[in-house]
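In my numbering, the protein residues as written are 1 to 370.
Written out as structure tokens, the structure reads:
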């Protein structure tokens, strides 16, 4: 195991922080796994620790057929952001920016560098594109903030990987994942290993989140250079490991073993690994996600647990105003998987309370919330 520490810029202000990357194995192929880019989403960090131990064992056994880079703490900036005892890990306190938005878009500068250089050899094209991605990131002007520097470090490691797992969670949720539609056939096995309840698919959900900053450039380059053989060479996903409170050891160990079994299927780990014990979940268009809101303030009582299949018109939660005695029942407007609910139990205007993944498109344009 090799540990690589990247100090973040602007450390002279008395707030020195660094990104630690743990590198296991050797070879041409690589998987990259990071956890808790939203720093208050800790199930991934707990799973990463289990992965760290297991990868050290596998490396000692000579079982790694490639490189696995692991970043257990992807966001040291957000770890210390507490407000009156509540962790504020989703947005940078100083700027208000979401830690998982606005990563560098690589396809345009890479296309400019490689115009006329890509041919009919997919392996050669992959090498050229990855070299160009690394060069683009290395030649950027100095980072203007620690947030920008942190994002560049993370992307510089991930953009040269064959498989990228960005471990997140929702508030209270069943396991779910986000990916390109073109990659879903390859992700089905991971979904089955982990008992993921729904895959949410979109080519571009808006916002340049980390997983799409890794995978989407390959799709854009293949479209810009149709005469060249450009595979979708970065299999990247945001993997939501349940809810924020789901940091139990048993669950983390199971998640780690499922991820390792998937990496073995991808050829990165040798040995015998168990096949998934269940079928893969259904994938839904991310455009088919319905966000449910309360019609008025009040105490919220959920009527269905996260992970349930719900039908149109099925009650999802009640909102009760104890002063006016107004009671409202909010029902599903689409059939699908109720994959996440809000952990807060008092309805506020403009804040979602439940998400249902359906089969039919309901929204267009930018699909990510802030």
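Don't be surprised by glycine CBs; every beta carbon is placed ideally from N, CA and C.
{"query": "Can you give the beta carbon distance from residue 329 to residue 314, rounded, assuming they're within the 8 angstroms contact cut?", "result": "About 10 angstroms; that fails the 8 angstroms criterion."}
{"query": "Going by beta carbon distance, what residues of the same chain come within less than 8 angstroms of residue 65, once the five residues before and after it are set aside?", "result": "25, 27, 29, 267, 268, 269, 270"}
{"query": "Examine the Cβ distances between the region 259-266 and the region 158-169 and report whether three or more of them are shorter than 8 angstroms.", "result": "yes"}
{"query": "What runs of the beta strand (DSSP E), each 3 residues or longer, lie entirely inside the region 49-132?", "result": "67-71"}
{"query": "Under 8 angstroms, with one C-beta from each stretch per pair, do the region 355-369 and the region 192-206 reach the 3-pair mark?", "result": "yes"}
{"query": "Pairs of beta-carbons, one from the region 145-158 and one from the region 95-115, closer than 8 angstroms: are there three or more?", "result": "yes"}
{"query": "Within a Cβ cutoff of 7 angstroms, which residues of the same chain sit near residue 100, ignoring the five residues on either side of it in sequence?", "result": "37, 38, 209, 210"}
{"query": "Report all residues from its chain with a CB closer than 7 angstroms to the CB of residue 303; omit the five preceding and five following residues, and keep chain order.", "result": "315, 316, 317, 318"}
{"query": "Applying the 10 Å Cβ sphere with the 16-neighbour rule, what's the burial state of residue 324?", "result": "exposed"}
{"query": "Do you know offhand how far residue 206's Cα is from residue 178's?", "result": "13 angstroms"}
{"query": "Quick one, are the C-beta atoms of residue 167 and residue 253 less than 8 angstroms apart?", "result": "no"}
{"query": "Does the structure place the region 174-192 close enough to the region 43-53 that three or more beta carbon pairs sit under 8 angstroms?", "result": "no"}
{"query": "Please classify residue 75 as buried or exposed, where buried requires at least 16 other C-beta atoms within 10 Å of its C-beta.", "result": "buried"}
{"query": "Which residue from 242, 113, 128 puts its Cα closest to that of residue 169?", "result": "242"}
{"query": "Would you kindly check if the distance between the Cβ of residue 113 and the Cβ of residue 244 is under 8 angstroms?", "result": "no"}
{"query": "Opposite residue 280 in the DSSP bridges: which residues?", "result": "Partner(s): none; residue 280 has no beta bridge."}
{"query": "Given a cut-off of 8 angstroms, decide if residue 191 and residue 306 are closer than it, judged by their beta-carbon atoms.", "result": "no"}
{"query": "Start and end of the alpha helix (DSSP H) containing residue 212?", "result": "210-224"}
{"query": "In this structure, what does DSSP give as the bridge partners for residue 334?", "result": "Beta-bridge pairing links residue 334 to no other residue."}
{"query": "The beta strand (DSSP E) spanning residue 309 covers which residue range?", "result": "308-310"}
{"query": "Alpha carbon to alpha carbon, how far is residue 278 from residue 373? Give it in angstroms, no decimals.", "result": "Residue 373 is absent from the structure shown; the chain starts at 1 and stops at 370."}
{"query": "My output table needs one value for residue 46: the three-state DSSP class, helix, strand or coil.", "result": "helix"}
{"query": "What residues are listed by DSSP as bridge partners for residue 30?", "result": "67"}
{"query": "Starting from residue 189, follow the alpha helix (DSSP H) in both directions and report where the run begins and ends.", "result": "184-194"}
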